[in-house]
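Sequences listed follow chains A and B, in order.
Each residue of the first sequence is one higher than the one before, counting from 1 in the numbering used here.
Each residue of the second sequence is one higher than the one before, counting from 1 in the numbering used here.
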Amino acid sequence: MPPGRSEIIDSLQRQLQKGLRTTAAEPIASGCRGLDSLVGFRAGTLVEWLGEEGGGATTLATVLARQACGDARPLVVVDQQRRIYPPALAAMGIDLRRVVFVFPASPREYEWTLSQAMSCPAVAAVLCWPRKLGDRAFRRLQLSAEQSGSLGLLVRPASALHEPSWAEARLFVEPVPCYGRRRFKISVLRCGGGAGGRTVEVEISEEGLLHETHPLHPVSPLAAATTVQRAARA
Amino acid sequence: MPVAEAGDAHLERHDPAVDLATLKRIAQWCEQFSPLVGLEEGERPESLFLDVTGLTAIFGSEEALAERVVRAFARRGLSAQVAIADTLGAAWAATHGDETPRIVAPGDFEALLHLPTTALRLPPKTTQTLAELGIQSIGQLLSLPRDGLAARLGHKLIDRLDQFTGQKAEAIDVVRVLPEIVCERQFDYPIENREVIDVAMAQLVEQAAAELMRRQQGAVQLECLLTCQEEAIPLAVGLYEACCDARHLLGLLRTQFERRLLTSPVLAVRVAVLQSAKLVYRQRELFSANHKHDREFALLIDRVSSRLGREAVLRATLAADAQPEYAYRYEILAGNAKRQLATEPRPLPKRPLFVESRPIPLEVLAIVPGGPPMQFRLNGQPHRTRRTWGPERIQTGWWRGRYIRRDYYRVESESGHCFWLFCSKGKWFLHGVFD
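Structure, rendered in structure tokens:
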């Protein structure tokens, strides 16, 4: 029996409420409440991590990939330069049995592999480091991810900051020098199609868990010492 | 000299998968000498076994055959140690001696008894123990009581001795097995039209798939051989999961066919299932789409492996080795029926997410020579260090051939970026980035 007029209208309204997303976008928790409330990561979207190499963009993308994969779903790592070091992924809590490493030889094959991996509904997340990504290829990836429900994690150099992007969230990562754990400042450039502009500081534990940093306020100065004037009593 | 310190030398990344693929190709080429050619067992095979039983009638004598093999290898620019003996164990031992080609007369094991125990294909640990016990040659080992040897050094040693003397049978694990299913079509006249070839290929794949279905099997390795007037073009496909779906198999063959240029007209097409496995039937669960996802994942791996090559789609397993380059292994996913299990989880040292295949030389300022770096220059940019962790000394054993001793430091620059540096013989290198 074909759906009635009111059912169609209801369905369309629901889609509008979801921001015109055709698939149910499943939320992904990064493990850090502050970051989640600011960005709101969802399956079926692209997240772009920008930053200088050595600054922590890949670390944060890997944490999110681990969260998206959970216990059982596969992660696809596409690396043209063959620099990724699997033991480091394992040390961050990623089960290597669930990771497929793909090493395409040319940029053309790189784009093709990304589009294939992102359009596969079985894949939980795709982690990649595209240096150059054309506008059309980027849009194709976004549509593929939206269709399949996989999370695309693109780590790009800071020079890609002014390039057009189809990512749902664009985050700029800078390291914050501190004593103790590694700490990063994440500036939200764009999130959920809207403008960003807010920042959050997170730090990562040895086990690869994210925590929001709580700035410690210096101890309030003590009240000015007042000279106690003792009344001389006889 | 460590590889990292080689100045003008041209370096190539060592790729065990390519090594293995090349050795397999050489093994197939060796089929001109023997119908049964196989690789030695182990993760990194280096020797080939050829069954030459009854072949003297064709080649004249064993000496003539051995000479012919050596000359053929030399024409390819390869040097080969060749030996002919009664058993695989004895032949392997003889090839690891000084003389080549070496023909051991039938039943003459005594000629090999002077060879060292390393010629027995034993694990390095066993060889070392034997050396510590003062047992140098195979003859000395054979004169010892078997029971005592088994109890002290394990049954592997006894197996190897028996394989050497022929008391225990050993079969060649042939590199190219006879195809399980072959479907072939010869054209009446040479065909240049790709569409016609494609139609013929599709029909043959359907025939093969129907035969697989009848046997309740799925293809793991499939080959399509296009016999042209001037050459033969093989299209090889490996699958992640056994499959008998003609459409999927044809799709994988097509991705390869589209990328091949036909230099001459095609005379025949042959589709062969080289390896098959039992089809996996999953019980469908109510309210679960996992079975569908598993299938889609297998299809993705097949597609990507078919286009990029099986060596480009891998899975990593951890290895118990302190040297960073050897702390993991890659394993091909598609067309591999014997998939290894992943290693057990264990505490892992702090390692960077990116590691350079070739460490980059650096100019480093350190107060103490070889001590923690204070400042270094990378890509023309100076980096002052704010914090360092280390040194973590990593050195390799002498048996690796190249002795490596490195002092690793985890370095955080003043801007907060993290790098992995090491000092070896007073020179500094960047080995990785904690991105």
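Cβ coordinates follow ideal geometry from the N, Cα and C atoms, glycine included.
Decide if LEU12/A is buried, meaning its Cβ has at least 16 other Cβ atoms within 10 Å, or exposed.
-> As a position in the first sequence, residue 12/A is number 12, starting the count at 1. Looking at its Cβ environment, which holds fewer than 16 other Cβ atoms inside 10 Å, LEU12/A is exposed.
Hey, ALA277/B and ASP245/B: beta-carbon distance below 9 Å or not?
-> Walking along the second sequence from the start, residue 277/B turns up at place 277. Walking along the second sequence from the start, residue 245/B turns up at place 245. Contact: no.
Quick one, are the C-beta atoms of LEU157/B and LEU112/B less than 9 Å apart?
-> As a first step, residue 157/B must be located in the second sequence, where it is residue number 157. As a first step, residue 112/B must be located in the second sequence, where it is residue number 112. It is not a contact, given that the beta carbons lie outside the stated cut-off.
Residue range of the unbroken alpha helix (DSSP H) whose run includes LEU55/B = Here residue 55/B corresponds to residue number 55 of the second sequence, with the count starting at 1. Following the DSSP letters along the chain, one finds LEU55/B in no alpha helix (DSSP H), marked with neither H nor E.
Expected contact under 8 Å - CB spacing of ASP435/B and THR213/A to nearest Å | Numbered from its first residue, the second sequence carries residue 435/B at position 435. Numbered from its first residue, the first sequence carries residue 213/A at position 213. In this structure ASP435/B is not in contact with THR213/A, their Cβ atoms being roughly 20 Å apart against a cut-off of 8 Å.
What is the rounded straight-line gap between the Cα of PHE73/B and the Cα of LEU235/B?
-> The residue you call residue 73/B lines up with position 73 of the second sequence. The residue you call residue 235/B lines up with position 235 of the second sequence. If you draw a straight line from the Cα of PHE73/B to the Cα of LEU235/B, it is about 26 Å long.
Where ARG170/A meets chain B, residues with beta-carbon distance less than 9 Å = By 1-based counting over the first sequence, the position of residue 170/A is 170. The premise fails here: ARG170/A is roughly 18 Å from chain B at the closest Cβ pair, so nothing lies under 9 Å.
Would you kindly work out how many angstroms separate the C-alpha atoms of PRO349/B and GLU206/B, rounded to a whole number?
-> On the second sequence, position 349 is the one that residue 349/B refers to. On the second sequence, position 206 is the one that residue 206/B refers to. Each residue's alpha carbon lies about 51 Å from the other.
Separation of ARG183/A from CYS32/A, as counted between CA atoms = As a working mapping, residue 32/A is identified with position 32 in the first sequence. As a working mapping, residue 183/A is identified with position 183 in the first sequence. Looking at the two C-alpha atoms, the distance is approximately 13 Å.
Simplified DSSP assignment, three categories, for GLU46/B | Within the second sequence, residue 46/B is the residue found at index 46, counting from 1. It is coil, neither helix nor strand.
For the putative contact between VAL411/B and PRO361/B, defined by C-beta atoms under 8 Å, what is the C-beta separation to the nearest angstrom?
-> Here residue 411/B refers to the residue found at position 411 of the second sequence. Here residue 361/B refers to the residue found at position 361 of the second sequence. The C-beta separation of VAL411/B from PRO361/B comes to about 16 Å, leaving the pair out of contact by the 8 Å criterion.
Near VAL271/B, which residues of its chain fall below 6 Å by C-beta distance, leaving aside the five closest residues on each side in sequence?
-> Taking the second sequence and counting its residues from 1, the one referred to as residue 271/B is at position 271. The residues are CYS183, LEU204, VAL205, ALA208, CYS224.
What separation, rounded to the nearest whole angstrom, lies between the Cα atoms of HIS417/B and VAL173/A?
-> Locating residue 417/B in the second sequence gives position 417, counting from the first residue. Locating residue 173/A in the first sequence gives position 173, counting from the first residue. Between HIS417/B and VAL173/A, the alpha-carbon positions lie close to 11 Å from each other.
At a CB-CB cut-off below 7 Å, which residues of chain B make contact with GLU52/A?
-> Reading the first sequence from its first residue, position 52 is the one you call residue 52/A. Per Cβ cutoff of 7 Å: HIS417.
Just how far apart, CA to CA, sit PHE354/B and ARG25/B?
-> Counting from 1 along the second sequence, the entry for residue 354/B is found at position 354. Counting from 1 along the second sequence, the entry for residue 25/B is found at position 25. When the Cα atoms are used, PHE354/B and ARG25/B turn out to be separated by approximately 33 Å.
Within 10 angstroms of its Cβ, does SER61/B collect 16 or more other Cβ (buried), or is it exposed?
-> Stepping through the second sequence from its first residue, residue 61/B is reached at position 61. By the neighbour-count criterion, in which 16 or more other beta carbons inside 10 Å mark a residue as buried, SER61/B falls on the exposed side.
What does ARG384/B pair with, by DSSP beta-bridge criteria?
-> Reading the second sequence from its first residue, position 384 is the one you call residue 384/B. Partner(s): GLN375/B.
Between the Cα of VAL52/B and the Cα atoms of SER264/B, PRO116/B, ALA66/B, which residue gives the shortest distance?
-> Numbered from its first residue, the second sequence carries residue 52/B at position 52. Sorting SER264/B, PRO116/B, ALA66/B by C-alpha distance to the C-alpha of VAL52/B places ALA66/B at the top.
Using a Cβ-Cβ cut-off of 7 Å (strictly less than) and excluding sequence neighbours within five positions of VAL126/A, which residues of its own chain qualify?
-> Position 126 of the first sequence, counted from the start, is the residue given in the question as residue 126/A. These residues qualify, in order along the chain: VAL76, VAL78, LEU114, ALA117, MET118, SER150, GLY152, LEU153.
Check whether the Cβ atoms of PRO189/A and LEU50/A lie closer than 9 Å to each other.
-> Here residue 189/A corresponds to residue number 189 of the first sequence, with the count starting at 1. Here residue 50/A corresponds to residue number 50 of the first sequence, with the count starting at 1. Contrary to the premise, residue 189/A reads as Leu rather than Pro in this sequence. Against a cut-off of 9 Å, the Cβ pair of LEU50/A and LEU189/A comes out as a contact.
9 Å Cβ cutoff, LEU249/B in contact with chain A | Numbered from 1 along the second sequence, position 249 holds the residue referred to as residue 249/B. Taking Cβ atoms only, chain A never reaches closer than 9 Å to LEU249/B, which makes this a no.
Counterpart residues of ILE394/B in DSSP-defined beta bridges = Within the second sequence, numbered from 1, the residue matching residue 394/B stands at position 394. The partner list for ILE394/B (beta bridge, DSSP) reads ARG406/B.
Is the distance from the Cβ of TYR240/B to the Cβ of ALA334/B below 9 Å?
-> Residue mapping note: residue 240/B aligns to position 240 of the second sequence, counting from 1. Residue mapping note: residue 334/B aligns to position 334 of the second sequence, counting from 1. Contact flag set, yes.
For my contact list, LEU222/B and LEU249/B are in at a C-beta cut-off of 8 Å; report their separation, rounded to the angstrom.
-> Your numbering for residue 222/B matches position 222 in the second sequence. Your numbering for residue 249/B matches position 249 in the second sequence. So it is a contact: roughly 6 Å between Cβ atoms.
Identify whether ASP302/B lies in helix, strand or coil by the three-state DSSP scheme.
-> Translated into the one-based positions of the second sequence, residue 302/B becomes position 302. Correct three-state label for ASP302/B: helix.
Are three or more beta carbon pairs between the region 84-104 of chain A and the region 378-387 of chain B nearer than 8 Å?
-> No, they do not touch.
Can you tell me which of the three DSSP states HIS293/B falls into?
-> Within the second sequence, residue 293/B is the residue found at index 293, counting from 1. Here HIS293/B sits in helix by DSSP.
Contact set between HIS293/B and chain A, taken where Cβ atoms lie within less than 7 Å = For this step, residue 293/B is matched to residue 293 along the second sequence. In chain order: PRO121, ALA122.
In this structure, does DSSP put LYS24/B in helix, strand or coil?
-> As a position in the second sequence, residue 24/B is number 24, starting the count at 1. Of the three classes helix, strand and coil, the one that applies to LYS24/B here is helix, per DSSP.
What does GLU109/A reach in chain B if we use C-beta pairs closer than 8 Å?
-> Taking the first sequence and counting its residues from 1, one reaches residue 109/A at position 109. Per Cβ cutoff of 8 Å: ARG307, LEU308.
Which chain B residues are close to ARG182/A, counting only those with a beta carbon under 9 Å from its beta carbon?
-> Indexing the first sequence from 1 puts residue 182/A at position 182. In chain order: GLU412, GLY416, CYS418, PHE434.
Simplified DSSP assignment, three categories, for GLN142/A = Here residue 142/A refers to the residue found at position 142 of the first sequence. Here GLN142/A sits in helix by DSSP.
Count the other CB atoms, across all protein chains shown, that sit within 10 Å of the CB of PRO190/B; report buried if there are 16 or more and exposed otherwise.
-> Residue numbering aside, residue 190/B sits at position 190 when the second sequence is read from its first letter. Exposed: under 16 other Cβ atoms inside 10 Å.
Residues of chain A with CB under 8 Å from ALA312/B, in chain order?
-> Taking the second sequence and counting its residues from 1, the one referred to as residue 312/B is at position 312. Here the neighbours are VAL102, PHE103, PRO104, ALA105.
Which class does GLY53/A belong to by DSSP, given the choice of helix, strand or coil?
-> Position 53 of the first sequence, counted from the start, is the residue given in the question as residue 53/A. Here residue 53/A turns out to be Glu, not Gly, going by the sequence shown. Note: GLU53/A maps to coil in three-state DSSP.
Could you tell me whether any Cβ in chain A is nearer than 9 Å to the Cβ of LEU300/B?
-> Taking the first residue of the second sequence as 1, we reach residue 300/B at position 300. Yes, its Cβ sits closer than 9 Å to a Cβ of chain A.
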